[in-house]
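S.K.: The structure follows.
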RNA sequence: GGGCCUAUAGCUCAGUUGGCUAGAGCGCCGCCCUUACAAGGCGGAUGUCGGGGGUUCAAGUCCCUCUGGGCCCACCA
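Numbering (the numbering used here), first residue to last: 15 to 864.
Laid out in structure tokens, this is it:
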């Protein structure tokens, strides 16, 4: 059959082995996915790729969601968009800080001076060496470089069509510049401000945390019933889970409708042990159903305390310090000798120990009524912390986010409406979050590693900071570190000196940088031409649990800075679930290493599995799907090889037979369906229609026409089939290219020039020569063929077995169609005698086998 | 306490605005070592569409309600 010299590149035995390396390297070295920054803004499709945390390791979830983005990127590139698809590495924040500390045996001390050419010890010792922030950042960059290489290699093996020329790090110079510039703009416009206020505080990390970083955890606790003395000497009982806060009690509160306590409102009571006189107030937030219906207000036990403290203008009786321990100084409100004696026992103790001591004291004085009643309640935690949060009054920096401003909140809500969500129900999470905000965005962190707040404060004649006299750098000085750089008009010798200056010691929240990924990726303020070309971006892909943080904060920054949305679309990917429907996570020990998966099944196969997960839908980890993906890839190799060996052509004018026209029309329908699905970000649908056509093509059409290509029905008929085969393979490779880029590229390279990934996405009108010929011209024929196969199977015969006699009962129309393809049918079914009977009703076959 | 998603074959999932005997793949069973492919081909069996109620000529699809699973939010003394 083969004068197969037409496609000399078609291998004898095609294989998937080594395709990832072969084509992955080729794409990088040829800059296949390079973005042309001089292109027209209207032709751009830009993607705000999530920067993965480099100090963690990549897991299957990354492979899953990054593949989704890549599917979209590849489709957009093929429909003619200039795709801006950069990636960043998130090396800013606590995880990297911890990793660098442990790896090098150092810790960051911003008060130290920078040492050039600092070399960390070869082996980290037990005692961490303190180094300057600048040195710390350098070590971070050094360490994360290694991680980034591993990540980059994995992403290349996976076949992500990222443009590696636009890579950034969230702690690099550009990110620091952008973060500081944006902050200073916020400051200029009055959107950033500092305030001394009760702040949620993590005692382990000793830093303030934001509302977006909280999570609730179930914790065991106990109700302690405690007696307070009324003015008349009788007792009133409160129930509390935190008796250790008794010294910071500033009032009791009950519901205004609660008859049990109405008589007490406006009067005072005396606290047990510490004998402080406090008022009894009425407030609707006090729940008569909880505990005894009357509660103590402390500064501060929880956020409701803050509300009451603010509304009733109560005094601040701070108790717990930054380290989570009872403050060292004797508070001025504790006066009696007995109270002072008790307080002296808890100074410097943790809240846990304090609770034990005070419970003991209360028992001794008979002011604890009965045994504590164990309960389980939810307590607020910093999501990365492992001790409950305290509330401490501190001076912090905030950015307005609508939490205190109804007007801004409305604007941000309408930004949410403006954004296209995929799937759209994810918008509700955004709305819930914005509507539930109870304060502005706290961006300062009392950490050492991160982007520093770019400000200094003037010092008075006693070297105390004057916080409302802020010194700011010029834009061309950025990025700065106020701990090592010096404000204009001052010299370094004036640092920390009377009438001198002091650098703000804090760094920004990691989200204060991440919220600027479009600006960082687009080199805002550095290459404004690039930035204007790619902004607003087209797509933000991300997962749903960070809608409240990453997505929202990015919208806030863009709204304030550009008065626009940062992107037009967001696609929210789901999670990977275990077969038992639990979220896959490291702690459960069920995480599979992605690189092993890619090795075992091949990247195309793993991508196939990922593509089966629709946007927003949690997807089961299923190696079965990967096996199917691998089978598909193998089949693409073999079917293509076969079609090409039949001397397939791309000569559309050669297509003459109706079955061939019908095949191409069926393909044109697939192109339409796939394009439509991709436009709606439904890549799964796009894959399904292509895949299902492909199996029809190999199982039915190829079987039907292969004899004809050998020329047994004449050259014109043979050429018609060859053209249909060639056009179909050519189109299928493009339709498959976003999903299985390696095998598509491999087959493309056998007979076509350049990369399949730079081809234009197929259009129905390019494929079909005559769209008037209906697909039923082919489907009826393949149906007859299927009936013949079924008959052979039932008689347990080989598919090659001869059909002695076939009588086709059909209506006129059907017989017309079948007659035109009868030579194909006779060849493919090995039919000896074929005849027709006209009848009304549906198709019926009489098959006579040996 | 408020809200969102989800429940379809043993498994993973499709099922568009309500419309013929509810589909696919895997798995299972049977057959075919057939010259592109045994990492293959052909065929077959399998469902009270989570339960209950309602609207309708017609409900997997719309409404109500209950239950299971997952998630987000909430002022949790």
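We put the CB at the ideal spot given by N, CA and C, even for glycine.
Answer yes or no: the CB of residue 492 versus the heavy atoms of the ligand MG, is any distance below 7 Å?
M.R.: No copy of the ligand MG appears in this structure; indeed no ligand is present at all.
S.K.: Mapping DSSP to helix, strand and coil, what is residue 144?
M.R.: Residue 144 falls in the strand class under three-state DSSP.
S.K.: In angstroms, rounded to a whole number, what distance separates the CA positions of residue 71 and residue 180?
M.R.: Whole-angstrom Cα-Cα distance: 22 Å.
S.K.: Suppose you measure from the CA of residue 630 to the CA of residue 441; what does that come to, to the nearest Å?
M.R.: Whole-angstrom Cα-Cα distance: 11 Å.
S.K.: Rounding to the nearest angstrom, what Cα-Cα distance links residue 29 and residue 760 in this structure?
M.R.: Taking the straight line joining both Cα atoms gives about 10 Å.
S.K.: Leaving out five residues before and five after residue 127 in sequence, what residues of the same chain have Cβ atoms less than 8 Å from its Cβ?
M.R.: Cβ within range, chain order: 146, 498.
S.K.: Tell whether a beta-carbon distance below 8 Å holds between residue 375 and residue 287.
M.R.: Yes, the Cβ-Cβ distance between residue 375 and residue 287 is below 8 Å.
S.K.: Verify whether the separation of the beta carbon atoms of residue 814 and residue 844 is less than 8 Å.
M.R.: Yes; because the gap between Cβ atoms is below 8 Å, this pair is in contact.
S.K.: What did DSSP end up calling residue 587 once you bin it into helix, strand or coil?
M.R.: Residue 587: strand per DSSP, three-state reduction.
S.K.: Suppose contacts are defined by Cβ-Cβ distances below 8 Å. Is residue 574 in contact with residue 205 by that definition?
M.R.: Contact: yes.
S.K.: Under 8 Å, do residue 410 and residue 222 count as touching if we go by C-beta distance?
M.R.: Yes; because the gap between Cβ atoms is below 8 Å, this pair is in contact.
S.K.: Extract the residue ranges of the beta strand (DSSP E) inside the segment 180 to 233, only unbroken runs of 3 or more that lie entirely within it.
M.R.: You should have 206 to 216.
S.K.: Considering only the alpha carbon of each residue, which of 311, 41, 240 lies closest to residue 173?
M.R.: For residue 173, the nearest C-alpha among the options comes from 41.
S.K.: Going by alpha carbons, who is nearest to residue 277 out of 508, 289, 294, 841?
M.R.: Comparing Cα positions, the closest option is 294.
S.K.: Determine whether the beta carbon atoms of residue 473 and residue 511 lie at a separation below 8 Å.
M.R.: It is a contact, given that the beta carbons lie within the stated cut-off.
S.K.: Let me know if residue 490 comes out buried or exposed under the rule of 16 or more other beta-carbons within 10 Å of its beta-carbon.
M.R.: Flag for residue 490 reads exposed.
S.K.: Here's the rule: buried if 16 or more other CB atoms are within 10 angstroms of the residue's CB, otherwise exposed. What is residue 839?
M.R.: Flag for residue 839 reads buried.
S.K.: What is the DSSP secondary structure of residue 724, reduced to helix, strand or coil?
M.R.: Reduced to three states, the DSSP call for residue 724 is coil.
S.K.: Residues in its own chain within less than 6 Å of residue 691 by CB, not counting five upstream and five downstream?
M.R.: Excluding residues within five positions, the ones whose Cβ falls inside 6 Å are 699, 700.
S.K.: Taking the alpha-carbon of residue 121 as reference, which of 151, 419, 191, 243 has the nearest alpha-carbon?
M.R.: Checked all of 151, 419, 191, 243; the closest Cα to residue 121 is 151.
S.K.: Between the beta-carbon of residue 534 and the beta-carbon of residue 189, is there less than 8 Å?
M.R.: Yes, these two residues count as a Cβ contact at 8 Å.
S.K.: Under a three-way DSSP split, which group does residue 57 fall into?
M.R.: Residue 57 falls in the helix class under three-state DSSP.
S.K.: Might you give, ordered along the chain, the residues of its own chain that have their beta carbon closer than 7 Å to the beta carbon of residue 162, omitting 5 neighbours on each side?
M.R.: Cβ neighbours of residue 162 beyond the five flanking positions: 68, 103.
S.K.: Is residue 324 helix, strand or coil by DSSP?
M.R.: In the structure shown, residue 324 sits in a helix (DSSP, three-state: H, G or I).
S.K.: When we look at the beta-carbon of residue 74 and count the other beta-carbons within 10 Å, is it buried (16 or more) or exposed?
M.R.: It counts as buried.
S.K.: Give the secondary structure of residue 830 by DSSP, where H, G and I count as helix, E and B as strand, and everything else as coil.
M.R.: Of the three classes helix, strand and coil, the one that applies to residue 830 here is helix, per DSSP.
S.K.: To the nearest angstrom, how far is the alpha carbon of residue 806 from that of residue 586?
M.R.: Going by the C-alpha atoms only, they are around 49 Å apart.
S.K.: With a 10 Å radius around its C-beta and 16 neighbouring C-beta atoms as the bar for buried, classify residue 164 as buried or exposed.
M.R.: Its Cβ having fewer than 16 others within 10 Å, residue 164 is exposed.
S.K.: Of the residues 479, 169, 37, 158, which one's Cα is nearest the Cα of residue 186?
M.R.: Selected option, being the one with the closest Cα: 158.
S.K.: Check whether the Cβ atoms of residue 96 and residue 59 lie closer than 8 Å to each other.
M.R.: Against a cut-off of 8 Å, the Cβ pair of residue 59 and residue 96 comes out as a contact.
S.K.: Can you name, in chain order, every residue of its own chain whose Cβ lies under 7 Å from the Cβ of residue 224, other than the five neighbours on each side?
M.R.: Once the five neighbours on either side are set aside, the close Cβ partners of residue 224 are 455, 456, 523.
S.K.: Just list the residues that DSSP pairs residue 309 with in beta bridges.
M.R.: Beta-bridge pairing links residue 309 to 267.
S.K.: Find the nearest neighbour of residue 233 within the set 401, 811, 427, judged by alpha-carbon distance.
M.R.: Comparing Cα-Cα distances from residue 233 to each of 401, 811, 427, the minimum goes to 401.
S.K.: Curious, which full-length beta strand (DSSP E) runs of at least 3 residues does the segment 472 to 506 contain?
M.R.: Taking only runs of at least 3 residues, the beta strand (DSSP E) segments lying wholly in the segment 472 to 506 are 479 to 485.
S.K.: Between residue 110 and the rest of its own chain, which residues show a CB-CB distance below 6 Å, the 5 nearest in sequence each way excluded?
M.R.: The answer, listed in chain order, is 69, 154.
S.K.: Kindly give me the distance between the Cβ atoms of residue 191 and residue 540, rounded to whole angstroms, as I take these residues to be in contact under 8 Å.
M.R.: About 7 Å separates the two Cβ atoms, so the contact holds.
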